[in-house]
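To keep things clear, I will list the structure first and then write my remarks on it.
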Amino acid sequence: MATDYDAPRKTEEDTESIQALQERVPDKLSGVVDTEDADNLGSLELAGQDLANVELDVVVLPPQADEFTCVECFLVKHRSQVDHETKLGSVCQECSR
Ligand SMILES: [Zn+2]
């Protein structure tokens with residue numbers, strides 16, 4: 073069979089081309105190709121999750137039961153800071169001065 077002899081040759085060529093690729097890629101990625109599959113990917117995922125959590129903490133601030141969002145300054149304040157209500161919502165004492 074001719075394919076029986078061709079098979080190992082193809083594999084050799086594939087290996088060579090892969091090696092050629094591996095020699096090029098580190099130039100762009102600073103040699104992190106080997107760890108990309110295992111450690112690097114894991115740490116990246118963790119970092120992303122950390123960032124996501126931080127962003128959620130900062131951006132999403134739903135007023136709690138004892139809090140309100142002032143329609144003038146858009147700050148979330150304690151309900152004890154409410155000066156008066158408007159059609160739009162509550163106005164804090166700071167904005168009512
Ligand atoms: Zn206000």
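Okay, so the sequence shown: first residue is 73 according to my numbering, each after it adds one. For each residue, glycine too, the CB sits at the ideal point set by N, CA and C. The structure displayed is predicted, hence computed values, not measured ones.
According to DSSP, residues forming a beta bridge with residue i
{"i": "residue 163", "result": "156"}
{"i": "residue 139", "result": "150"}
Inter-residue spacing [alpha-carbon to alpha-carbon] between residue i and residue j
{"i": "residue 147", "j": "residue 141", "result": "5 Å"}
{"i": "residue 182", "j": "residue 159", "result": "Residue 182 is absent from the model: the chain starts at 73 and stops at 169."}
{"i": "residue 90", "j": "residue 76", "result": "22 Å"}
{"i": "residue 152", "j": "residue 166", "result": "12 Å"}
{"i": "residue 93", "j": "residue 86", "result": "10 Å"}
{"i": "residue 157", "j": "residue 136", "result": "17 Å"}
{"i": "residue 145", "j": "residue 164", "result": "8 Å"}
{"i": "residue 95", "j": "residue 78", "result": "26 Å"}
{"i": "residue 138", "j": "residue 161", "result": "15 Å"}
Heavy atom of ligand 2 within 7 Å of residue i beta-carbon
{"i": "residue 160", "result": "Only ligand 1 can be found as ligands here, which leaves ligand 2 out of the picture."}
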